[in-house]
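Participant: For the protein sequence lines, the chains are A and B, in the order given. Residue 140 in the working numbering is what sits at position 88 of the first sequence, and the numbering runs on without skipping anything. Residue 171 in the working numbering is what sits at position 99 of the second sequence, and the numbering runs on without skipping anything. A virtual CB, placed ideally from N, CA and C, is assigned to each residue, including glycine. This structure is in structure tokens; I'll ask about it shortly.
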Amino acid sequence: EPEVTQTPSHQVTQMGQEVILRCVPISNHLYFYWYRQILGQKVEFLVSFYNNEISEKSEIFDDQFSVERPDGSNFTLKIRSTKLEDSAMYFCANRDGAYNEQFFGPGTRLTVL
Amino acid sequence: AQRVTQPEKLLSVFKGAPVELKCNYSYSGSPELFWYVQYSRQRLQLLLRHISRESIKGFTADLNKGETSFHLKKPFAQEEDSAMYYCALAYNTDKLIFGTGTRLQVFP
Chain A
53 EPEVTQTPSH QVTQMGQEVI LRCVPISNHL YFYWYRQILG QKVEFLVSFY NNEISEKSEI
113 FDDQFSVERP DGSNFTLKIR STKLEDSAMY FCANRDGAYN EQFFGPGTRL TVL
Chain B
73 AQRVTQPEKL LSVFKGAPVE LKCNYSYSGS PELFWYVQYS RQRLQLLLRH ISRESIKGFT
133 ADLNKGETSF HLKKPFAQEE DSAMYYCALA YNTDKLIFGT GTRLQVFP
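This is the structure in structure tokens:
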């Protein structure tokens, strides 16, 4: 059964540095999402992406964040200048157009020091 | 505002006991609700969606629009059911709004 993959599994970075989190979605899925979960808190929506553009973004998704599909397969989340409060698990998810079930990746744990 | 509430952070039961994980939602439109499960060190995976009205691994959940609830139930808990359970609402049939999750512990 196809699965969503994410790399790296764990990323440690210094405050102010740029990070890129990568996701390989299930092929033929059309809708892509990023969520994050700060330790001990709920899973929060960050952004949705369809047809090579952002469909919706949350208040969390400020100018420091960006998403793209650089090669038509990978789906990336970039944080330009990380802050301590960006430390969280980041989950990529995607779905096909027929159902609303979202398939999640295993997550990337981001630690900002 | 759209919101999903899971009032219990932790639910502990013995094997064979019935389980009910509570979920209430607030949504002005027609809701589409899901239960996701996360076993230890594994990814979030879909357990149930209300529109399919199915039973997965012995779990069922019924949407009660009058009470705005979507509680997850299982008549006889198993040790392998121990996991984090998240109730989620699909907003505008797109993004998911999650509850805070309930950790289910099933003791032998």
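Could you pull out every residue in the same chain whose Cβ sits closer than 6 Å to the Cβ of C75/A, ignoring the five residues on either side in sequence?
Facilitator: So the qualifying residues of the chain are Q58, F127, C144, G157.
Participant: In angstroms, rounded to a whole number, what distance separates the CA positions of D166/B and E96/A?
Facilitator: So the alpha carbons of these two residues sit roughly 14 Å apart.
Participant: Looking at the secondary structure, which residues open and close the beta strand (DSSP E) in which A145/A lies?
Facilitator: Counting along the chain, the beta strand (DSSP E) containing A145/A begins and ends at 140-147.
Participant: Let me know if V119/A comes out buried or exposed under the rule of 16 or more other beta-carbons within 10 Å of its beta-carbon.
Facilitator: Buried.
Participant: Closest Cβ-Cβ distance between P60/A and chain B: below 9 Å?
Facilitator: It does not; no Cβ of chain B falls within 9 Å.
Participant: Looking at the unbroken beta strand (DSSP E) that takes in L168/B, where does it start and where does it end?
Facilitator: Run containing L168/B: 167-170, per the beta strand (DSSP E) assignment.
Participant: Could you check which residue in T163/A, Q69/A, D148/A, E153/A has the C-alpha nearest to that of Y102/A?
Facilitator: It is D148/A whose Cα lies nearest to the Cα of Y102/A.
Participant: Suppose contacts are defined by Cβ-Cβ distances below 9 Å. Is R121/A in contact with F155/A by that definition?
Facilitator: No, Cβ-Cβ distance for R121/A and F155/A is not below 9 Å.
Participant: For a contact defined as C-beta to C-beta under 9 Å, what are the partners of F170/B on chain A?
Facilitator: Residues of chain A passing the Cβ test: Y87, Q89, K94, V95, E96, F97.
Participant: Can you list, in chain order, the stretches of the beta strand (DSSP E) that have 3 or more residues and sit fully within the stretch 68-144 of chain A?
Facilitator: Runs of the beta strand (DSSP E) inside the stretch 68-144 of chain A: 71-76, 83-89, 95-102, 105-109, 117-120, 127-131.
Participant: Is any beta-carbon of chain B found at less than 9 Å from that of E111/A?
Facilitator: So, not an interface residue.
Participant: Determine whether the beta carbon atoms of L105/B and Y111/B lie at a separation below 9 Å.
Facilitator: No.
Participant: Return yes when the Cβ of G101/B is within less than 9 Å of the Cβ of A149/B, no when it is not.
Facilitator: No, the pair does not count as a contact, with Cβ atoms beyond the cut-off.
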